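**Q**
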Amino acid sequence: MKAIEGRIGRIFVLRLDHDDPLPQCIEEFAAEKKIRLAQVVFHGGIYKGNLVAGPRKTEDPKPVPIVLPVNEANESVASGFIAPDEDGKPVLHMHGSLGRAGKTQSGCFQKGVTVWLVGEAVINEILSESRIARVLNEEADIRLLEILD
Amino acid sequence: MKAIEGRIGRIFVLRLDHDDPLPQCIEEFAAEKKIRLAQVVFHGGIYKGNLVAGPRKTEDPKPVPIVLPVNEANESVASGFIAPDEDGKPVLHMHGSLGRAGKTQSGCFQKGVTVWLVGEAVINEILSESRIARVLNEEADIRLLEILD
Amino acid sequence: MKAIEGRIGRIFVLRLDHDDPLPQCIEEFAAEKKIRLAQVVFHGGIYKGNLVAGPRKTEDPKPVPIVLPVNEANESVASGFIAPDEDGKPVLHMHGSLGRAGKTQSGCFQKGVTVWLVGEAVINEILSESRIARVLNEEADIRLLEILD
Chain G
0 MKAIEGRIGR IFVLRLDHDD PLPQCIEEFA AEKKIRLAQV VFHGGIYKGN LVAGPRKTED
60 PKPVPIVLPV NEANESVASG FIAPDEDGKP VLHMHGSLGR AGKTQSGCFQ KGVTVWLVGE
120 AVINEILSES RIARVLNEEA DIRLLEILD
Chain C
0 MKAIEGRIGR IFVLRLDHDD PLPQCIEEFA AEKKIRLAQV VFHGGIYKGN LVAGPRKTED
60 PKPVPIVLPV NEANESVASG FIAPDEDGKP VLHMHGSLGR AGKTQSGCFQ KGVTVWLVGE
120 AVINEILSES RIARVLNEEA DIRLLEILD
Chain D
0 MKAIEGRIGR IFVLRLDHDD PLPQCIEEFA AEKKIRLAQV VFHGGIYKGN LVAGPRKTED
60 PKPVPIVLPV NEANESVASG FIAPDEDGKP VLHMHGSLGR AGKTQSGCFQ KGVTVWLVGE
120 AVINEILSES RIARVLNEEA DIRLLEILD
């Protein structure tokens, strides 16, 4: 485990609209507002797109993701974290639980997950001088959060 | 997508008791403390009441909700947001994931969802001069969060 | 319902590694940093260990927990709260939703739940002079959060 210390910065409240794409629309907002690090909490409707729902084999060092489609409108609760990639572009990694008619899927939001009707998100900016970024992990072949200090 | 910017205000930690009704008891607390905008995170036991678990038809412009009962005690994690209605009364919109014995329901907490044994909630007040409220959307016939600036 | 008021303190961003045990590694970090009260949000991979998924009987005053194993790697979203026990040691109570291949379990993280591949957690420290602790509830025979002011 590694950790960095920061302090609270700006807070943004987002009213997401029907058909807004997640996580892209929040990443674009973060880029526009020059948000480097932030915690994101989201609740709202979700439809379309895909979730990663675990690796095919738990013990595989280079995991092959189980990718499941999101069909129909779901009620969702999600948490995410914004950190820059190697080029300084904000990347939002977000996990959520999506329910519809008593069936629930939880997983990692892939590009193209889409807001249904309305979404509410709160972005808590974190101010810190520490070096932290989403960088490619060669072994897993996935971009992972790394603290570089 | 629309957004407002604010800054962090007071933090409240709530110890909810058995049979406290959600979201009402948090809404009453917010009214008493004059909290206008806040992010809420909750975890604890939940029983009784109802969840909205999606619309019957995803493409319906005036969605008919799928309403499911919460039976028996569940372990839950939830996120919500407090904003005023047209009369300035705080309204908490809250989504959660509820698990019992390996079965999970996720959805939107309806009035009458009830705490089982104990609940823990943290309220992060957001200070902002922006106009934001939960107003009736005529087309969907649902009260939705709207940024009015 | 009881409540305490506080204000935001330090923010910590944690990059959890494969095989880090939850909630212990966050509790040890809290002890080291002298964090007394904090809200925790987590998302990442989880495998191994157990979840409490409700009591066997909802109406039982001394609930017997339903304990379910976490098998294989799951994608998870979780929320927790750190408060001291009677001896001042930080205790993290945490609920999460874990998904794998379209099946979802939600429940309370027991000691030994383990990070798979990577986990991201944000700790929001809450500063308050109020007396609040996790103390044994004699009737339920469970340690519960209590506000002692």
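Protein chains in written order, with numbering that gives the first Met the number 0: chain G, 0 to 148; chain C, 0 to 148; chain D, 0 to 148. Glycine included, every Cβ here is placed at the ideal spot set by N, Cα and C. No experiment lies behind these values; they were computed from the predicted model shown.
Shorter than 9 Å from the beta carbon of I146 of chain G to some beta carbon of chain D?
**A** Closer than 9 Å: yes.
**Q** Is the beta carbon of G111 of chain G less than 9 Å from the beta carbon of P54 of chain G?
**A** Cβ distance not < 9 Å, so G111 of chain G and P54 of chain G don't count as in contact.
**Q** Per DSSP, what are the beta-bridge partners of P89 of chain G in this structure?
**A** In DSSP, P89 of chain G forms a bridge with G:P83.
**Q** 9 Å is my cut-off, CB to CB: does E119 of chain C come that close to chain D?
**A** It does; some Cβ of chain D falls within 9 Å.
**Q** Cutting at 6 Å between CB atoms, please list the residues of its own chain near A72 of chain D, excluding the five before and the five after it.
**A** Taken in chain order, the residues that qualify are G44, Y46 and W115.
**Q** By alpha-carbon positions, which one of C:A77, C:V76 and C:R130 ends up nearest to D148 of chain C?
**A** Closest option to D148 of chain C, Cα to Cα, is C:R130.
**Q** With DSSP collapsed to three states, give me the class of E137 of chain G.
**A** E137 of chain G falls in the coil class under three-state DSSP.
**Q** With V66 of chain D and N49 of chain D assumed to form a contact (beta carbons below 8 Å), what rounded beta-carbon distance in angstroms separates them?
**A** About 5 Å; that satisfies the 8 Å criterion.
**Q** Under the three-state reduction of DSSP, which class applies to E4 of chain G: helix, strand or coil?
**A** Note: E4 of chain G maps to strand in three-state DSSP.
**Q** Using a Cβ-Cβ distance cut-off of 9 Å, determine whether T57 of chain C contacts chain D.
**A** Chain D contact via Cβ: absent.
**Q** If we call anything under 9 Å between Cβ atoms a contact, is V121 of chain D one with I10 of chain D?
**A** Taking 9 Å as the Cβ cut-off, V121 of chain D and I10 of chain D qualify as a contacting pair.
**Q** Can you name the start and end residues of the alpha helix (DSSP H) that I25 of chain C belongs to?
**A** Residues Q23 to E31.
**Q** If V69 of chain C sits next to E26 of chain C, beta carbons under 8 Å apart, how far is it from one beta carbon to the other, in whole angstroms?
**A** Not a contact, Cβ separation roughly 19 Å.
**Q** Per DSSP, what are the beta-bridge partners of V69 of chain C in this structure?
**A** Answer by DSSP bridge pairing: none, since V69 of chain C is not bridged.
**Q** In this structure, how does DSSP classify Q109 of chain G when only helix, strand and coil are distinguished?
**A** Reduced to three states, the DSSP call for Q109 of chain G is coil.
**Q** Against chain G, which members of the stretch 36–58 of chain D pass a CB distance test of less than 7 Å?
**A** Cβ contacts with chain G come from V40, H42 and Y46.
**Q** Just tell me which of C:I7, C:P22 and C:D16 has its CA closest to the CA of C107 of chain C.
**A** Comparing Cα positions, the closest option is C:P22.
**Q** Out of D:H92, D:R14, D:Q109 and D:I34, which has the shortest C-alpha to C-alpha gap to R14 of chain C?
**A** Considering only alpha carbons, the answer is D:H92.
**Q** Would you say G79 of chain C lies against chain G (beta-carbon separation less than 9 Å)?
**A** Yes - at least one Cβ of chain G is within 9 Å of the one on G79 of chain C.
**Q** Quick check on I45 of chain D: does DSSP put it in helix, strand or coil?
**A** DSSP places I45 of chain D in strand when its eight states are reduced to three.
**Q** Using the three-state DSSP reduction, which class does D16 of chain D fall into: helix, strand or coil?
**A** Note: D16 of chain D maps to strand in three-state DSSP.
**Q** Should Q104 of chain D and S96 of chain D be called a contact, given that it needs their Cβ atoms to be closer than 9 Å?
**A** Cβ atoms of Q104 of chain D and S96 of chain D: closer than 9 Å.
**Q** Alpha carbons only, please: which of G:S127, G:E145 and G:E128 is nearest the one belonging to L135 of chain G?
**A** Considering only alpha carbons, the answer is G:E145.
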